[in-house]
Amino acid sequence: MKGKKEKQGKQSSKQDKLMVSSNSMYSELRDMRWLYNPVVYSQISGDFTLMQQRILLGIIEKLQHRIIDSVDSQHKQKSFPAIFDDSELMKRETIDLNLSAADLGVIPAHYEQLEQAALALSRITMKYPKFDTKGKVTRHVAAALFPRIEIAMTESELRRTGVLRVVMLTENIRDIFTMQHGFVKHVSHIARVALKKRTPRLYIYLSRFKDVGHKKVPYTDLVEFLGLTDEYYYETNDGKNPYTSWSKVKKLVLEPVKQEMDDLARSGEINFSFDYEPIFPPGKSRGIPLEVLFTMKNSDMGNMKAEEDRRSNSIYNFIDTYVSWCPDLSIHSLRDIIESIPEEKLQDFIYFALTDVRRIVERKQPDDVASYVMGILRKWKRENIHVPQPTLFDYSPVILEPEKEEPKDIPGQYAEEWKQILERYDGILKPFLLKARHFGTSLGFILILFPTKEMCDEYNKLETENPKEEKKLHVIMTDVLGSAGRVLKRGVEH
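Just so you know, the sequence shown maps onto residues 3 to 496 in the working numbering.
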């Protein structure tokens, strides 16, 4: 028992040091955006330029609200619902998406480069993997996934508008956007910060296995995925393919990508990098390897992200369980309390709420269970979350912490992010949100103001009666804003 406590103490001390020394990194982590990428789509093989990869990731970013809905529903249904309904796909042969060049990080001066990349991408026959029930690739399917990608022109046809129109064939959509095999979560900006064109590809590929920590990849699958085979090379190049030997693949691809990912991980742009080693056939130590073993190594940012995800999952599961037990509980109020509980007290709070509070309710049988429960939880917080004050006879040294700037109202902050949230959220709360005025932030969280108290009350009632809608909005807000999107504060304009 003593050894376990000492181990926990060391772990806690290590985490505390990391947190104390990395406040700026936590701020960057909060602002970082993450994409949920269906496994099949994330493993489309090909030799893509960085600009083409911006387009490919832009498509996924445009579909985020659908993908997040599927991920959210999986918790209840134990399977991922399709992100495109069959009835939707049967109505037409193609589906169009409009992407903003600005959202892809492309300025007007580079529109011509974007247009050329889009045109080339529309002509490429891509390959995507087919998996068996165990997640092993059984074969690759070749298809023209995006038969038309173009930058829209103004009515006078004199200049480009900065809107990219992507046409997708519905016959391929079921395959490449299937959620059946899960999803990969990775930073959204990888194609913007990378300088080597294969860095984003390998980063996204390995993101699927980051939590496992290692992955053996068949060599033939690796060169196929990275577009190093003769088939891909001769589509855009002349002369001899330089990637036919292991030594060249190592020197020209893996080493430069590893170096760049090491640099990006150190600078806090990505959450991990990797080491690798070839696995040769028995009795051989050179030539073409059978497999390549990748070992992932978390960056400081990655460790922080893992800790944040662990806490978020604990909170999410607790709220989900608690509201199922008492449907009248306000998710918003419940989250307000649990988000304020320090990490070292979180599990104590959850145990108390799930065990002791339920026993008290069964014994007392209150008329208004929800209000009674919230009262007990607030009392626990008052009694257990406090800062000890030195007394007159306390001679222990007092270490004065530097004063921290208190969160305050910041008019206009996150205005652009709020627009993104409204674009992605399309639920029953949206008409109210459109009528509310985005003020900025209050106490570090988004604040909106309704024109009347009646409208504010009606919104709160609708949110309480539809916890799934509130959860759907919350997922989008945290995806766009990080920790600043955990709470949506609302008020009334004076």
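Where a beta carbon is used, it is the ideal one built from N, C-alpha and C, also for glycine.
Treat the numbers as computed from the prediction; the structure is a model and nothing was measured.
Apart from the five residues just before and just after residue i, which ones in its own chain have a Cβ nearer than 6 Å to its Cβ?
i	result
Gln76	Phe82
Leu52	Ala193 and Lys199
Lys129	Ser47, His142 and Ala144
Met92	none
Which residue from the options puts its Cα closest to that of residue i?
i	options	result
Leu266	Met303, Leu123, Gln45 and Phe86	Met303
Asn39	Tyr205, Glu467 and His188	His188
Tyr416	Ala193, Lys470 and Phe447	Phe447
Leu101	Asp87, Leu59, Ser335 and Gln115	Leu59
Ser44	Met306, Pro280, Phe185 and Glu310	Phe185
Leu295	Phe441, Pro280, Met155 and Ser269	Pro280
Thr443	Val255, Met128, Glu419 and Val195	Glu419
Leu431	Thr466, Phe441, Glu114 and Asp213	Thr466
Arg288	Gln54, His183 and Lys250	Lys250
Arg439	Gly414, Arg426, Lys93 and Asp369	Gly414
Gly164	His67, Ala196 and Asp105	Asp105
Asn315	Gly285, Trp327, Gln349 and Ser301	Gln349
Asn300	Arg313, Val325 and Arg268	Arg268
Arg488	Ala146, Asp370 and Ser342	Ser342
Just the Cα atoms here: how many angstroms apart are residue i and residue j?
i	j	result
Ser332	Trp382	18 Å
Gly48	Tyr234	7 Å
Leu121	Glu152	7 Å
Lys4	Ile69	With a pLDDT of 44 at Lys4, under the threshold of 50, the modelled position of this residue cannot be trusted; read the value that follows with caution. Each residue's alpha carbon lies about 46 Å from the other.
Ser461	Leu449	Note that residue 461 is Tyr in the sequence shown, not Ser. Looking at the two C-alpha atoms, the distance is approximately 14 Å.
Asp134	Tyr221	19 Å
Val108	Glu63	15 Å
Pro283	Pro291	7 Å
Gly429	Ala308	30 Å
Val22	Glu310	Reliability fails at Val22, whose pLDDT of 39 lies under 50, so the model's placement of it is uncertain and no value is given.
Tyr205	Met263	8 Å
Asn273	Lys212	9 Å
Gly1	Ser373	Any property of residue 1 remains undetermined from this structure, which presents the chain solely from 3 to 496.
Met376	Pro329	13 Å
Pro110	Gln55	18 Å
Glu90	Val219	36 Å
Asp2	Arg426	In the structure as shown, the chain begins at 3 and stops at 496. Residue 2 is therefore absent and cannot be evaluated.
Val363	Leu356	11 Å
Val214	Glu471	33 Å
Residue i and residue j look like a contact to me (Cβ under 8 Å); what is the Cβ gap, rounded to whole Å?
i	j	result
Leu166	Ile317	Leu166 to Ile317, Cβ: 37 Å. No contact.
Lys260	Tyr278	7 Å
Asp177	Val143	7 Å
Val42	Thr172	In fact, because the Cβ distance is near 16 Å, the residues do not count as touching under 8 Å.
Ile97	Ile175	7 Å
Lys217	Leu208	7 Å
Ile412	Met479	About 17 Å separates the two Cβ atoms, so there is no contact after all.
Asp74	Lys473	7 Å
Phe320	Met298	Not a contact, Cβ separation roughly 29 Å.
Who are the Cβ neighbours of residue i in its own chain at under 7 Å, not counting the five residues just before and after it?
i	result
Phe148	Leu123, Ser124, Val168, Val169 and Met170
Spatial neighbours of residue i within its chain, please: CB distance less than 8 Å, with the 5 preceding and 5 following residues excluded, ordered by chain position.
i	result
Arg380	Ile339
Ile437	Checking the displayed sequence, the identity of residue 437 turns out to be Lys instead of Ile. These residues qualify, in order along the chain: Phe452, Pro453 and Met457.
Determine, for residue i, whether the minimum Cβ-Cβ distance to residues of chain C falls below 8 Å.
i	result
Val219	The structure shown has no chain C; it contains just one protein chain.
Based on the DSSP secondary-structure assignment, which residues constitute the bridge partners of residue i?
i	result
Leu37	His188
Gly493	Leu451
Pro110	Pro110 is not bridged to any residue.
Met128	Ala145
His216	Thr297
Gly442	Pro413 and Leu449
Phe86	Its beta-bridge partners do not exist; DSSP assigns none.
Met155	Arg162
Asn100	Arg167
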